[in-house]
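One structure is given here, and the rest of the page talks about it.
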Amino acid sequence: MRRFNRVLDAILVALVSYHLIISPYTKVEESFNIQAVHDILKYGVFPIENIDNYDHKQFPGAVPRTFIGSLVLAGLTKPFLAFSAFLGTELQGYEVQTLVRGILGLVNALMLIRLRDSINRIALHDRRSRIKGSIGFWYVIFLISQFHLIYYSSRTVPNFIALPVVNFAISKILVGDLSGLTLLAFTGIVFRLEVGLFGLIIAVVSSLVFGQSNIFVNVFYMVIGTILGGVASVCIDSYFWGRLVIPEIDSFIFNIVQGKSSEWGVEPWGTYFQKYLFQLFRPPIILMMAIPGLLSDPADDGTKFGDRTAVSHPARHSLRILFVSSVLFIAAMSFQPHKEWRFIIYTVPIFTLQAGNGLANISMKWSLGFLNKLLVLIIVCLIGVSSVLSLSMGYISSFNYPGGDALEFTNAYIVQHYNNNTPVRIHMDVASCMTGITQFGELQNELITYDKTESIIGIEPRSGIDITWVVEIDNRDQQLLESLQESE
Numbered sequence: 107m108r109r110f111n112r113v114l115d116a117i118l119v120a121l122v123s124y125h126l127i128i129s130p131y132t133k134v135e136e137s138f139n140i141q142a143v144h145d146i147l148k149y150g151v152f153p154i155e156n157i158d159n160y161d162h163k164q165f166p167g168a169v170p171r172t173f174i175g176s177l178v179l180a181g182l183t184k185p186f187l188a189f190s191a192f193l194g195t196e197l198q199g200y201e202v203q204t205l206v207r208g209i210l211g212l213v214n215a216l217m218l219i220r221l222r223d224s225i226n227r228i229a230l231h232d233r234r235s236r237i238k239g240s241i242g243f244w245y246v247i248f249l250i251s252q253f254h255l256i257y258y259s260s261r262t263v264p265n266f267i268a269l270p271v272v273n274f275a276i277s278k279i280l281v282g283d284l285s286g287l288t289l290l291a292f293t294g295i296v297f298r299l300e301v302g303l304f305g306l307i308i309a310v311v312s313s314l315v316f317g318q319s320n321i322f323v324n325v326f327y328m329v330i331g332t333i334l335g336g337v338a339s340v341c342i343d344s345y346f347w348g349r350l351v352i353p354e355i356d357s358f359i360f361n362i363v364q365g366k367s368s369e370w371g372v373e374p375w376g377t378y379f380q381k382y383l384f385q386l387f388r389p390p391i392i393l394m395m396a397i398p399g400l401l402s403d404p405a406d407d408g409t410k411f412g413d414r415t416a417v418s419h420p421a422r423h424s425l426r427i428l429f430v431s432s433v434l435f436i437a438a439m440s441f442q443p444h445k446e447w448r449f450i451i452y453t454v455p456i457f458t459l460q461a462g463n464g465l466a467n468i469s470m471k472w473s474l475g476f477l478n479k480l481l482v483l484i485i486v487c488l489i490g491v492s493s494v495l496s497l498s499m500g501y502i503s504s505f506n507y508p509g510g511d512a513l514e515f516t517n518a519y520i521v522q523h524y525n526n527n528t529p530v531r532i533h534m535d536v537a538s539c540m541t542g543i544t545q546f547g548e549l550q551n552e553l554i555t556y557d558k559t560e561s562i563i564g565i566e567p568r569s570g571i572d573i574t575w576v577v578e579i580d581n582r583d584q585q586l587l588e589s590l591q592e593s594e
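Heads up: the sequence shown runs through residues 107 to 594, numbered per our numbering.
Shown next as structure tokens:
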């Protein structure tokens, strides 16, 4: 089945690109990072006075966020911008935003593919079978049938900026290299603190439950990652925020210690298991296939479980370790009253790997009888249903960004109907800014002023400005947005 790998890889990248193209705008959860990338590209990072022009200086938000991910994205984007300028086709506005998101989407796709390659490396039964790479094959088939993971891969939500690093770390742990714990700890202190919790759970399960590693070595790996991440964050983020800060520590104090995250809504303990996992996997074929996947170990070398006198394969039980750790991680996250599916997205590739393992075992017994063939066909049909649902949800979600559409319409109208001597001010209300408006969408014209003052009543009149446009969403649009958000 390995001969299909490149075709499936191309389909995966194409699907990420498809969702990016039909939904080119961003929402409020993505705003900090995408605005930060814009400011880094436009103003640069030196001298320090340039930072005063950044969006976060005027709109700092409830808690600080790290600039490290935005710096990396901007750094990856700059060569493409330089090349396009060299060709005389300089990218502007939303074209640059699409490029930034495309780079993130590609990196996420490549790390998901790396997981496939890692599981194929440790699948010992492949060496005794004529069918090579069956686990990785079904894993990618399951991937491309999903919605949330693929749709959000190009979105600058902090969780999805952290996700490629998490998946790279998981790919190392999968082959028995527990130095991946260092990356998880680094990602936890820099990007999302829950990733550090996930790494800690993996360290404990690997050593104390499966006896596959040494707890003290695992803790050492995590301490190193935490120190490196903490130093990087305090040096880089303190520069941008103008004060000594590790953003994830501030976020932890604000959201967990002070309980401010509860203001965004609370849900019962079991919500992740009863609601969000089934929202992530529609229909729940991956959840069903993960159960038989748990019964077999791809890296089973015949060593008896618990036999400490034998040296087992370094990847022995690694998929089970990751799966059990994922379930325990979700259980631990369930104690936080405010819940979002994004907080457990790191477990989705692992569930998908386990499901691929389960279906690979079933499909290898294809010739054993009619019922086995019927079961495989039913599963394939359910995967098809999931794919149709995913594409449909992607299309529906593309209508979830009226602010971006409104600003593009306004810009086009102004360019067509007003001459270059007419000063124009465009006021954008809160709902519009939350549903697609970013600084990438602003026209580069000194006569056009963009104003994000929350209330239009508070706008100071400015001499010489003849026309004021108001970009806003009415109540009917707001109700439609809420219904669309529930579908995501």
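Every residue gets a Cβ at the ideal spot worked out from N, C-alpha and C, and that includes glycine.
As the structure is a computational prediction, the values presented were derived from the model and not from experiment.
Nearest to residue 120 (by Cα), restricted to the options 251, 402, 522 and 491: 251
Cβ shell of residue 287 (< 8 Å), same chain only, five flanking positions each side left out: The beta carbon of residue 287 is closer than 8 Å to those of 275, 279, 305, 308, 309, 324, 327, 328 and 331 in its chain, skipping five residues each way along the sequence.
Going straight from the alpha carbon of residue 545 to that of residue 187, what length do you get? The alpha-carbon atoms of residue 545 and residue 187 are separated by roughly 17 Å.
Can you tell which of 267, 497 and 262 has its C-alpha closest to the C-alpha of residue 388? Residue 497 is the option with its Cα nearest to residue 388.
Below 8 Å on the Cβ atoms is my contact criterion, and I expect residue 312 with residue 427 to pass it. Report the Cβ-Cβ distance as a whole number of Å. Sure, about 5 Å apart at Cβ, within 8 Å.
Buried or exposed: which applies to residue 145, given that a residue is buried once 16 or more other Cβ atoms fall within 10 Å of its Cβ? Classification of residue 145: buried, given that the 10 Å Cβ count is 16 or more.
Skipping 5 residues on each side, what residues in its chain have a beta carbon closer than 6 Å to that of residue 255? 454
For residue 532, which of helix, strand or coil comes out of DSSP? strand
Give me the DSSP bridge partner(s) of residue 556. 532
Could you tell me whether the region 461-475 touches the region 436-444, where touching means 3 or more Cβ pairs closer than 8 Å? no
Burial state of residue 491, where buried means 16 or more other Cβ atoms lie within 10 Å: exposed
Starting from residue 406, follow the alpha helix (DSSP H) in both directions and report where the run begins and ends. First-last for residue 406: undefined, no H or E at that position.
If the criterion is Cβ atoms closer than 7 Å, does the pair residue 510 and residue 542 meet it? yes
Report the CB separation of residue 553 from residue 529 in whole angstroms; it is logged as a contact under 8 Å. 5 Å
Please report the straight-line C-alpha distance between residue 154 and residue 348, rounded to a whole angstrom. 9 Å
Outcome for residue 512 when other beta-carbon atoms lying within 10 angstroms are tallied against a minimum of 16: buried
Should residue 294 be labelled buried (16 or more other beta-carbon atoms within 10 Å of its own) or exposed? buried
Helix, strand or coil for residue 569 per DSSP? Note on residue 569: pLDDT 46, under 50, position unreliable in the model; the coordinate value appears next. Looking at residue 569 - three-state DSSP - the assignment turns out to be coil, as it is neither helix nor strand.
When the Cα of residue 131 is compared with those of 197, 109, 504 and 116, which residue comes out closest? 504
Whose C-beta lies closer than 7 Å to the C-beta of residue 229 among residues of the same chain, with five residues either side of it excluded? 241 and 404
So is residue 370 buried or exposed if we call it buried at 16+ other beta carbons inside 10 Å? Residue 370 is exposed by the Cβ-count criterion.
What's the call for residue 142, buried or exposed, on a 16-neighbour Cβ count within 10 Å? buried
Helix, strand or coil for residue 435? Go by DSSP, reduced to three states. Residue 435: helix per DSSP, three-state reduction.
Residue 421 by DSSP, collapsed to three states: which one? Note: residue 421 maps to coil in three-state DSSP.
If I follow the unbroken alpha helix (DSSP H) through residue 183, where does it start and stop? 174-192
Where residue 204 falls: helix, strand or coil (DSSP): Note: residue 204 maps to helix in three-state DSSP.
Among the candidates 215, 246 and 267, whose CA atom is the shortest distance from the CA of residue 140? Looking only at 215, 246 and 267, the smallest Cα-Cα distance to residue 140 is reached by 267.
Buried/exposed call for residue 253, threshold 16 Cβ in 10 Å: buried
Cut-off 6 Å between Cβ atoms - residues of its own chain near residue 171, not counting five sequence neighbours on either side: 138 and 353
Beta-carbon proximity check, residue 357 vs residue 169, cutoff 7 Å: yes
Alpha carbon to alpha carbon, how far is residue 350 from residue 433? Here the alpha carbon of residue 350 sits roughly 36 Å from the alpha carbon of residue 433.
Candidates 407, 210 and 201, of which the one nearest residue 262 by Cα: 210
Using a threshold of 7 Å, state whether the C-beta atoms of residue 615 and residue 264 are closer than that. Since the first and last residues shown for the chain are 107 and 594, residue 615 lies out of range.
Check whether residue 115 and residue 247 have beta carbons under 7 Å apart: Not in contact: residue 115 and residue 247 (Cβ atoms no closer than 7 Å).
Alpha carbons only, please: which of 208, 184, 345 and 244 is nearest the one belonging to residue 163? 345
How about residue 310: is its C-beta nearer than 7 Å to some C-beta of chain D? Looking for chain D here will not work: only one protein chain is present.
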